[in-house]
Each structure stands twice: as C-alpha cells, then as structure tokens.
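Numbering (the working numbering), first residue to last: 1 to 284.
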C-alpha cells in the first residue's frame with residue numbers, strides 16, 4: 001500500500017472514531033424524543049389502551065380474526081386471539097378465564113358466534129373486563145344454551161349442513177362433534193367471503209362438541225358489564241332476529257351490517273373493528 005493510500009485509510013478510521021459519539025448521541029436523542037412523544041400521548045389519553053381479547057366460535061379458528069387484528073394493532077391496541085377449545089361451555093369458559101388471567105389491565109372481551117356464550121360466562125366476576133362485544137353471537141341468559149337460542153327464531157339452515165363424528169372423552173366414553181360439510185360451507189357460513197378464502201376456512205374449521213351447544217349458561221356477565229353487538233343481516237347460522245332480540249335484552253349498543261354472513265369478522269373486518277374501537281373508547 002502506498003503512503004497516500006495509508007494516509008487516506010488513517011483519515012477514514014479517525015473520522016469514524018470521531019463521529020461515533022455524535023451518531024450514538026443522535027440515535028439516543030431520537031429514541032428519547034420518540035419515548036417522550038409516546039409518554040405525552042399516553043398522558044393526554046389518561047391511560048394505556050385496553051387489551052382486546054378475541055374468542056372465535058364454532059366451525060372457525062383464531063385466524064378468522066386476522067384482518068381485525070391487523071387493524072387493531074395498527075391503532076396500537078394489544079391483542080390476544082384465544083384458541084377456543086369448543087368442547088363444552090364450562091370447560092371453554094374456564095380456558096378463556098385462564099387466558100384473561102395472563103392479561104394485565106383493562107380488557108375488551110370479544111366473542112363471535114358460540115364464542116359469545118363463552119365470553120358471557122368467562123367474564124362473570126372479572127373486574128378487569130370492562131366491555132363485552134358480541135359479533136353475530138349468542139348472548140345467553142343464565143339457564144339458556146346456544147342450541148336453544150339458535151332455534152328460538154326461524155331462519156337457521158345449519159342443521160341440514162352438518163356432519164357428525166365421534167371423539168374420545170378424557171374420562172372415558174365418546175362424545176359427538178359437528179363440522180359443516182365442506183361443499184356447503186360457503187353458502188351456509190361465509191356467503192360473502194371470496195370462494196378461495198371460504199374453501200380454506202372450510203378445510204381448517206374446528207369441530208364443536210354437541211356438549212358445547214347443549215350446555216346451559218351458568219352466569220350472564222352482560223348484566224354487569226357494558227355490552228355491544230354486531231348483527232349480521234344475512235346470517236344463516238344464528239337468525240338475525242335472534243341476534244337482535246338477544247342484543248336488546250342485554251341492552252347492548254348495537255350495529256347491523258345488512259349484507260353480512262355469519263363470517264362477518266372475515267368479510268367485514270372494518271365494521272367489526274369499528275365496534276371494538278367504540279367499546280374501547282367508551283371505557284377510557
């Protein structure tokens with residue numbers, strides 16, 4: 001290496017060493033400014049945003065909330081999407097309670113379909129659950145089952161689309177679980193969802209035990225917690241009239257999406273997210 005090359009290399013090294021504290025200082029200043037802005041914003045609102053806990057229903061899984069989760073996270077909400085076991089109302093509610101126990105601070109608890117029955121029981125007596133949001137969901141009174149409520153008004157065509165299968169019970173014996181026939185899934189469950197998406201949903205649907213749909217609610221948290229409801233106007237699983245009747249009985253703040261199928265969290269995630277945001281704003 002020539003003397004001039006060695007000189008240029010030395011100059012570059014010295015420049016890097018000299019600039020390092022300046023760059024580091026700039027980064028620290030930027031980080032501090034960002035933290036200060038976040039703290040200032042939180043101070044303006046008075047408290048951090050509540051955690052949104054999402055509970056799916058029968059014939060679905062937690063991925064049915066994907067577009068809702070993206071929107072909520074964009075807005076800065078912490079989100080947990082629980083994997084509802086779909087084995088029995090008491091068992092499922094106990095599981096969701098265990099999920100809630102891991103969340104610090106206020107919670108907006110959201111249930112879709114049979115998930116509405118689950119959150120109604122799981123939230124009872126939990127002071128951190130500040131709002132219940134029902135999305136095309138059951139809102140049972142104590143002593144009512146999801147199956148009973150589904151048949152309270154005419155319009156559900158679910159029964160004729162179901163397959164049954166046996167599964168082993170933990171204590172011995174067998175139970176019965178239900179799935180929607182894949183070739184009938186879109187029309188029954190997700191008529192306003194693109195065909196390719198509905199086909200994936202049909203293939204990945206989680207079966208629900210008949211015990212879950214037959215077991216009666218032991219508690220009704222909506223009596224003590226402010227509630228919100230989204231009515232799916234073209235729902236073939238839970239008749240819209242049944243949804244409306246349950247929402248009115250629970251004195252829920254209600255919106256209706258006229259053309260929505262039962263899979264409204266997939267087909268109309270913006271409307272679902274808007275209602276969750278409303279519930280979150282009301283408790284802040």
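Even for Gly, the Cβ is constructed at its ideal location relative to N, Cα and C.
**Request:** Given a cut-off of 9 angstroms, decide if residue 83 and residue 61 are closer than it, judged by their beta-carbon atoms.
**Result:** yes
**Prompt:** From what residue to what residue does the alpha helix (DSSP H) around residue 193 run?
**Reply:** Segment: none, residue 193 is in no alpha helix (DSSP H) and carries neither H nor E.
**Request:** State the DSSP-derived secondary structure class of residue 176, mapped to helix, strand or coil.
**Result:** strand
**Message:** Please identify the residue among 203, 73, 228 and 48 whose C-alpha is closest to the C-alpha of residue 278.
**Reply:** 228
**Length of the line joining the Cα atoms of residue 158 and residue 47** = 44 angstroms
**Prompt:** What residues in its chain sit with their C-beta under 7 angstroms from that of residue 31, if we drop five residues either side in the sequence?
**Reply:** Low per-residue confidence applies at residue 31: pLDDT is 33, beneath 50, and the placement is therefore not dependable, though the value from the model is reported in the following sentence. Here the set comprises nothing.
**Asked** Just checking, does the stretch 256 to 264 make contact with the stretch 174 to 185 on the three C-beta pairs under 8 angstroms criterion?
**Response** no
**Residue from 204, 74, 221 and 284 with nearest C-alpha to residue 64** = 204
**Request:** Compute the minimum distance between the beta carbon of residue 72 and the heavy atoms of the ligand SAM, and state whether it is under 8 angstroms.
**Result:** What this structure holds is no ligand at all, so the ligand SAM is not there to describe.
**Request:** State the CB to CB distance for the pair residue 55 and residue 147, rounded to an integer number of angstroms; the pair is presumed to be in contact (CB under 8 angstroms).
**Result:** Wrong, their Cβ atoms sit about 18 angstroms apart, outside the cutoff.
**Prompt:** Hey, would you say residue 89 sits closer than 9 angstroms to residue 169, going by beta carbons?
**Reply:** no
**Item:** Buried or exposed by the 16-neighbour rule on C-beta atoms within 10 Å, applied to residue 276
**Value:** buried
**Message:** Excluding the 5 residues flanking residue 258 on each side, which residues of the same chain have their C-beta closer than 6 angstroms to its C-beta?
**Reply:** 233
**Request:** Identify whether residue 130 lies in helix, strand or coil by the three-state DSSP scheme.
**Result:** strand
**Request:** Give the DSSP-derived three-state secondary structure of residue 74 in the structure shown.
**Result:** helix
**Request:** Pull up the distance between the alpha-carbon of residue 117 and that of residue 72, whole angstroms please.
**Result:** 23 angstroms
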